[in-house]
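The structure is reproduced here in structure tokens:
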């Protein structure tokens, strides 16, 4: 198997590893099995926060991403306010997810989103017009 693995997350006793349109699962980090994830999104990164796995698409213009409460059954969701844009980063803290990215490829098209569940999002104001590539809590 010659895939480019892009990211791995751990939660609920298992590792989930993604790369494009392929995902694997492991309970020990040694033995891996294929996950059936159906999506036309190319998955760039994955994380586990607040009891859920999130697999985020990293292609311009694709706003679909996936979430799972168990790491086996995945549901698709869409980031609002992105027409040709891209999510750059997501973090979780104090009961809230924050995502930053660009609505379009145009300069100054920055956007920040906020969510309490990681699936339903609303826009929030940024304190400047600079490009926001990352967001962290801690």
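Residue numbers (the numbering used here): 7 to 144. The C-beta atom is built at its ideal place from N, Cα and C for all residues, glycine as well.
Should residue 58 go down as buried or exposed, given a rule of 16 or more other Cβ atoms within 10 Å for buried? Residue 58 sits at position 52 when you count from the first residue of the chain shown. Flag for residue 58 reads buried.
Does DSSP classify residue 137 as helix, strand or coil? The residue given as residue 137 occupies position 131 in the chain shown. If DSSP states are grouped into helix, strand and coil, residue 137 belongs with coil.
Environment of residue 137 [buried if 16+ CB atoms lie within 10 Å]: The residue labelled residue 137 in the question sits at position 131 within the chain shown. Its Cβ having fewer than 16 others within 10 Å, residue 137 is exposed.
Shortest alpha-carbon distance to residue 94 belongs to which of 71, 77, 126? Reading the chain shown from its first residue, position 88 is the one you call residue 94. Residue 94 has its Cα closest to that of 71, out of 71, 77, 126.
Per the DSSP calculation, residue 116 is bridged to which residue(s)? In the chain shown, residue 116 corresponds to position 110, counting from 1. Paired residues: 108.
For residue 40, which beta-bridge partners are listed by DSSP? Here the question's residue 40 lines up with position 34 in the chain shown. Answer is 30.
Going by DSSP, which residues form a beta bridge with residue 58? Numbered from 1 along the chain shown, position 52 holds the residue referred to as residue 58. According to DSSP, which records beta bridges pairwise, residue 58 is partnered with 55.
Identified DSSP bridge partners for residue 25: Walking along the chain shown from the start, residue 25 turns up at place 19. According to DSSP, which records beta bridges pairwise, residue 25 is partnered with 28.
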